[in-house]
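In the working numbering, each residue's number is its place in the sequence shown (first place is 1) plus 136.
A short worksheet on the structure shown next.
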Amino acid sequence: MLTSLENDMTRPRPLLIVLTCLLLTLPVAPAAAVAPGENGEIVVLAQDPADSRFQTVVAVDPATGDRRELVPPNIIDSVAVSPDGTAVAYTLQRNLYVQPLGGTTDDRELLVQLDAATYALEWSPDGSEILVVDGETFTAHPVDGSAPRVLAPNRQSGGQFTYQSVTWTSQDQIVAIELSAMLIIDAATGESRIVDPEESPNAQGLGVDASPDGSQLVFACVQPDDNSFSLRLCITGLDMVVQRTVDLSDVDVEPAHPAFSPDGTQVAFIGPARADDAMLYVTPIAGAGTQALGAVGGLGISPEWAVAGGGTPPPPPASEEPLACGGFDGDPTTTERADFADPIAYAVAVSQARFDCDGSRAAAHVVLSRDDAFADSLVGAALTGDGPLLFTRTDTLPDATATEIDRLLDDGGTIYLLGGTAAISQAVADQLTDAGHDVQRLAGPSRVETSVAVATEVRTLGDDAGILAIARAGGPTDNPTAAWADSVTAGAWTAADAVPTVVTDTASLHPAVADFIADAQPDKTFLLGGEAALSPAVADAVPNPTRIAGASRAGTAQAIATQQIGPPDDDTRELVVINGFREDGWLFGLPAAGLAADTHAPIALAQDPLPPETTTMACSPDTIDILLAGGLDALPDAVTDQLDAAPGCAA
């Protein structure tokens, strides 16, 4: 989370510093998306009502508004709660302290004395590092006392301002905002990029926080169509496209310093912004119902929402060990795992298991997708039968991806970029061209036209079997994973058979898709998903429609496996399992499509508890070799236990 408000005229900007963990023995694990936790107390840096020069740290019960003092009034710069909700960290006169959330200052521990004034503090999602943001750098300090890492300089373009609003997402991305500029830092590599202010939603540098799963951001913003320039709370994806503004009509205050609740359904915030009589509020992210929890006053206030009951220990670090050639070890009595938290490294590992591995076939091309939004990649699996899908950031080509491309392709090798320059920048395209590759961009003005461009290329490359697959182009706002679940699940089939695939609106056939169908003239059209995904009107508008659907997304995955992939070629069946219910599940499903196609394997969707359709897919026939795509944070041991416990499953 982040802290400071604009300076007032009577005192310097409050110092904002990084939090830390209660124990120095926390495991060093890569950050990854986490499951929501139960909401606990909200910890706030409040102004001392008796003396405005001092602040106090209080914990507020969001259900009752009751508060208790954690730190007596002093010159306190910033405060934050540990990821597991057991401790509170704060800076007092450039000393960084940690004390138990249920303890007092008698229990606190001095972790480090800081040399410079700090503007913001954050805790890494796994609790292993403390991010200190001062006027010069973003620096990650390991809690085990080892050498710190300087991640990036703290400067906007031109060096005019420093960033003071920071969050560290569970996707291991550091997002910083200041005066409409937005900086994104990869915490693992230190690679950073500045989001063009014209492309960012007018963030005001008054706080930013990431949702528990790392897929959304909330911050104070100004809507460009609002001539009053009043502050609102914007919720965006990591692509910075505003998904909604939080309804604060029932309180009518200008908000600042928002903080997601651990269960991801609410936001705490301070309002009105820049006011000495500010209050702490809690509001649902969808709909009205804001509650005031009492005055906190003053400037430099930073709410942090703790996980109740101490939270859940982080999973063990991902092993990131190479996969066996082909991805499966050939032993149905074991369950393999592609144990990766980082999708970029995971996609490379899948590529290495498929191509030029112990004399295996060479890649015909590479498919390149952005790593922070799925829209342009929905139908990309159809191109991955003969080439891997790798990930890039919009403005920066990761070193791991560049190295893998160089391993796979000779000079002149083809790279397909999925989406326009807003998805994968021209700078990335130029870098690949300069390296001697044939770069072909498949794009249109929306995800629908992009899917048509991909489908057109699939028809050009493959044998036109006269079939077409159609999936939904988007999902409801309260169920964003629905937008990609059917497309990703069908990837094993579309990759294996090079099936042209397009997406369309749920209610009606998009004109671009209608034009494509008129040109392609397919003999048969497969609709992926039930009527909630593709309406009867869509079915009526396409030639010879056949719907492939189940009662749920897991049921649709089962239907695809049964109707389109069919029984195994021998007595052993391979099965790829992904988490099809997490917002980042597509990052593990899309690269796996080609791997599944190689072995005539379907893709199944899992979560805890395991859907019954997935249990059926995993347990019939008796001899089945399972590959879990993702680390323990995505597919916990409970999923493996349920697969192994079902009759006929791999032991």
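Glycine included, every Cβ here is placed at the ideal spot set by N, Cα and C.
As the structure is a computational prediction, the values presented were derived from the model and not from experiment.
>> Within 10 Å of its beta-carbon, does arginine 368 have 16 or more other beta-carbons around it, so buried, or fewer, so exposed?
In response: Answer is buried; the Cβ neighbour count reaches 16.
>> Check this for me: beta carbons of isoleucine 211 and glutamine 229, under 7 Å apart or not?
In response: Yes.
> Cβ of valine 180 within 6 Å of any heavy atom in the ligand ZN?
Replying inline: The ligand content of the structure shown is nil, which means the ligand ZN is not present either.
> Does the beta-carbon distance from valine 224 to valine 179 come in below 7 Å?
Replying inline: The Cβ atoms of valine 224 and valine 179 lie closer than 7 Å to each other.
>> Is the separation between the beta-carbon of glycine 627 and that of alanine 697 shorter than 7 Å?
In response: When the beta-carbon positions are compared, glycine 627 and alanine 697 stay at least 7 Å from each other.
> Is it right to say leucine 246 is buried, meaning 16 or more other beta carbons lie within 10 angstroms of its own, or is it exposed?
Replying inline: Flag for leucine 246 reads exposed.
> Rounded to a whole number of angstroms, what is the C-alpha to C-alpha distance between alanine 733 and glutamine 340?
Replying inline: Those two C-alpha atoms are separated by around 47 Å.
>> On a Cα-Cα basis, can you pick out the residue from Thr642, Ala740 and Asp600 that is closest to serine 688?
In response: Closest by C-alpha distance to serine 688, out of Thr642, Ala740 and Asp600, is Ala740.
> With 16 as the cutoff for other CB atoms within 10 Å, does threonine 640 come out buried or exposed?
Replying inline: Threonine 640 is buried by the Cβ-count criterion.
>> Could you tell me the alpha carbon to alpha carbon distance between leucine 526 and alanine 737, rounded to whole angstroms?
In response: Whole-angstrom Cα-Cα distance: 20 Å.
>> Excluding the 5 residues flanking arginine 497 on each side, which residues of the same chain have their C-beta closer than 7 Å to its C-beta?
In response: Cβ within range, chain order: Phe491.
>> Please report the straight-line C-alpha distance between aspartate 744 and glutamine 249, rounded to a whole angstrom.
In response: Approximately 43 Å, taken between the alpha carbons.
>> Assuming phenylalanine 652 is part of the alpha helix (DSSP H), what are its boundary residues?
In response: Phenylalanine 652 -> alpha helix (DSSP H) spans 647 to 656.
>> Short of 6 Å in beta carbon distance, which residues of its chain neighbour aspartate 388, apart from the five on each side in sequence? Order them along the chain.
In response: For aspartate 388, where only same-chain residues beyond five positions count, there are no Cβ hits under 6 Å.
>> Counting C-beta neighbours from all protein chains within 10 Å, is the total for valine 418 16 or more, i.e. buried, or is it exposed?
In response: Taking all protein chains in view, the Cβ of valine 418 is crowded by 16 or more other Cβ atoms within 10 Å, so the residue is classified as buried.
> Count the other CB atoms within 10 Å of the CB of alanine 787; is the residue buried (16 or more) or exposed (fewer)?
Replying inline: For alanine 787, the predicted structure reports a pLDDT of 42, less than 50, and the residue's modelled location is therefore unreliable. The matter cannot be settled from this model.
> So, are the CB atoms of glycine 725 and aspartate 475 less than 7 Å apart?
Replying inline: No, the pair does not count as a contact, with Cβ atoms beyond the cut-off.
> Expressed to the nearest angstrom, what Euclidean distance is found between the alpha-carbon atoms of valine 503 and leucine 519?
Replying inline: Answer to the nearest angstrom: the Cα atoms are 7 Å apart.
>> Alpha carbons only, please: which of Glu456, Glu177 and Ala199 is nearest the one belonging to valine 193?
In response: When each option's Cα is compared against that of valine 193, the closest is Glu177.
>> Considering only their Cβ atoms, is the gap separating leucine 779 from asparagine 715 smaller than 7 Å?
In response: When the beta-carbon positions are compared, asparagine 715 and leucine 779 stay at least 7 Å from each other.
> By DSSP, does threonine 471 sit in helix, in strand, or in coil?
Replying inline: When DSSP states are grouped into helix, strand and coil, threonine 471 belongs to the strand group.
> With distances taken from CA atoms, which of Ala558, Ala643, Glu540 and Trp304 is nearest valine 674?
Replying inline: Nearest to valine 674 by alpha-carbon distance, out of Ala558, Ala643, Glu540 and Trp304, is Ala643.
> Once you ignore the five residues that flank glycine 555 on each side, which residues in its own chain have a CB closer than 7 Å to its CB?
Replying inline: Once the five neighbours on either side are set aside, the close Cβ partners of glycine 555 are Arg506, Asp512, Ala579 and Thr586.
>> Give the list of continuous alpha helix (DSSP H) stretches no shorter than 4 residues that lie fully inside the region 578 to 640.
In response: At a cut-off of 4 residues, the continuous stretches assigned as alpha helix (DSSP H) that sit fully inside the region 578 to 640 are 583 to 597, 618 to 625 and 627 to 633.
> Under 7 Å, do leucine 763 and glutamate 457 count as touching if we go by C-beta distance?
Replying inline: Judged by their CB atoms, leucine 763 and glutamate 457 are not nearer to each other than the 7 Å cut-off.
> Candidates Gln562, Ala481 and Ala631: which alpha carbon is nearest leucine 597's?
Replying inline: Among Gln562, Ala481 and Ala631, the Cα nearest to that of leucine 597 belongs to Ala631.
>> Applying the 10 Å Cβ sphere with the 16-neighbour rule, what's the burial state of valine 775?
In response: With 16 or more Cβ atoms within 10 Å of its Cβ, valine 775 is classed as buried.
> Within 10 angstroms of its Cβ, does serine 455 collect 16 or more other Cβ (buried), or is it exposed?
Replying inline: By the Cβ-count criterion, serine 455 is exposed, with fewer than 16 other Cβ atoms from all chains shown falling within 10 Å of its own Cβ.
> Buried or exposed: where does proline 727 fall if 16 or more other Cβ atoms within 10 Å of its Cβ makes it buried?
Replying inline: Result: buried.
>> Taking the beta strand (DSSP E) that isoleucine 371 belongs to, which residues open and close that run?
In response: Residues 367 to 373.
>> Let's see if you can read the secondary structure: which residues bound the beta strand (DSSP E) around glutamate 314?
In response: Per DSSP, glutamate 314 belongs to the beta strand (DSSP E) from 309 to 314.
>> Using CA atoms only, rank isn't needed, just tell me which of Ala559, Leu545, Ile313 and Asn290 is closest to threonine 569.
In response: Taking threonine 569 as reference, the option from Ala559, Leu545, Ile313 and Asn290 with the minimal CA-CA separation is Leu545.
>> So, under 8 Å CB-CB, glutamate 440 and valine 217 are touching, yes? Tell me the CB distance rounded to an integer number of Å.
In response: The pair is a contact, with the Cβ atoms about 4 Å apart (cut-off 8 Å).
> DSSP puts proline 747 in a beta bridge; with which residues?
Replying inline: Answer by DSSP bridge pairing: none, since proline 747 is not bridged.
> Under the DSSP definition of a beta bridge, which residues are partnered with methionine 318?
Replying inline: Methionine 318 is bridged to Ile313 and Val331.
>> Distance check for valine 624 and threonine 528, CA to CA, integer angstroms please.
In response: Each residue's alpha carbon lies about 18 Å from the other.
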